[in-house]
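Below is one structure, written out as structure tokens; the observations come after it.
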Amino acid sequence: MVEMNIKELYEVGTTFETAIGQGTKSERARIPKNYSRINFPEDMINTLVNYDKEINFLVAGEIWCPDFQLNSTVLKKFTELNNNFDMSIISMGRGKKFVFPILGVENMKFPLILVLDKEFNILGIFEERPNVVHEVSNFEDIKLDYYKGRYLIDSAYEFIDIMNKAK
Numbered sequence: 012m013v014e015m016n017i018k019e020l021y022e023v024g025t026t027f028e029t030a031i032g033q034g035t036k037s038e039r040a041r042i043p044k045n046y047s048r049i050n051f052p053e054d055m056i057n058t059l060v061n062y063d064k065e066i067n068f069l070v071a072g073e074i075w076c077p078d079f080q081l082n083s084t085v086l087k088k089f090t091e092l093n094n095n096f097d098m099s100i101i102s103m104g105r106g107k108k109f110v111f112p113i114l115g116v117e118n119m120k121f122p123l124i125l126v127l128d129k130e131f132n133i134l135g136i137f138e139e140r141p142n143v144v145h146e147v148s149n150f151e152d153i154k155l156d157y158y159k160g161r162y163l164i165d166s167a168y169e170f171i172d173i174m175n176k177a178k
């Protein structure tokens, strides 16, 4: 069986723009809409702009997935605020085939986002949606707010919490 390590997966991944470009017209149209809903508070912007360690985000997901559209857009904003942040996107298929064995899991929800240090060590994992959304007993109650970007800030805080594990 062919195996790939995290660094190899990262290197074969595509850019955010390439991944988005593979979507339908309506899927692509959601990206600027989601982006416009990202409203980071000033202290978060300062934290991100002044972050001095290199962080790589390996995203396994697909443009047709609303969770991917929302959470990868948050990471795109991170990469625009600081050159120490980089993102690479692989397909769900590669995630299942190569990332699951690395993590020692049989199943996880997508997008699956690995937050990596500059040596491609895993600092933490973001699975599908921010934890605050996972903790809601009935997703239907908040579904519309979630898809309208109400929880983008929660995703951002979660990414920062994971990044802060970097040495």
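Throughout, the numbering used here is defined as the position within the sequence shown, counted from one, plus 11.
Beta carbons: idealized from backbone N, C-alpha and C, even for Gly.
From a predicted model like this one, the values you see are computed outputs, not experimental measurements.
Quick check: residue i and residue j, are their CB atoms within less than 9 Å of each other?
{"i": "Val85", "j": "Phe150", "result": "no"}
{"i": "Tyr21", "j": "Lys88", "result": "no"}
{"i": "Phe68", "j": "Val126", "result": "yes"}
{"i": "Lys64", "j": "Asn95", "result": "yes"}
{"i": "Ser166", "j": "Leu81", "result": "yes"}
{"i": "Asn50", "j": "Ile113", "result": "no"}
{"i": "Asp78", "j": "Arg140", "result": "yes"}
Taking the continuous beta strand (DSSP E) assigned at residue i, which residues delimit it?
{"i": "Ser99", "result": "96-101"}
{"i": "Glu28", "result": "Careful: Glu28 lies outside any beta strand (DSSP E), inside the alpha helix (DSSP H) at 27-32."}
Taking the alpha helix (DSSP H) that residue i falls in, what are its first and last residues?
{"i": "Phe79", "result": "77-92"}
{"i": "Phe170", "result": "163-174"}
{"i": "Asp54", "result": "53-60"}
Per DSSP, which residues does residue i bridge with? Please list them.
{"i": "Asp187", "result": "The chain is shown only over 12 to 178; residue 187 falls outside these bounds and no answer can be derived."}
{"i": "Phe137", "result": "Ile124"}
{"i": "Ala71", "result": "Ile101, Leu123"}
Taking the C-alpha atoms as reference points, what is the distance between residue i and residue j?
{"i": "Glu130", "j": "Asn61", "result": "20 Å"}
{"i": "Ala177", "j": "Asn132", "result": "9 Å"}
{"i": "Met98", "j": "Val23", "result": "12 Å"}
{"i": "His179", "j": "Glu28", "result": "Outside the displayed range of the chain (12 to 178) lies residue 179, so it cannot be described from this structure."}
{"i": "Gly115", "j": "Ile164", "result": "29 Å"}
{"i": "Ile100", "j": "Asp54", "result": "28 Å"}
{"i": "Tyr168", "j": "Pro43", "result": "21 Å"}
{"i": "Glu19", "j": "Arg105", "result": "11 Å"}
{"i": "Gly72", "j": "Asp152", "result": "25 Å"}
{"i": "Arg41", "j": "Glu14", "result": "34 Å"}
{"i": "Tyr157", "j": "Gly34", "result": "21 Å"}
{"i": "Ala30", "j": "Pro122", "result": "13 Å"}
Would you say the beta carbon of residue i comes nearer than 8 Å to a heavy atom of the ligand COA?
{"i": "Ala177", "result": "Looking at this structure, you won't find the ligand COA or any other ligand, since it has none at all."}
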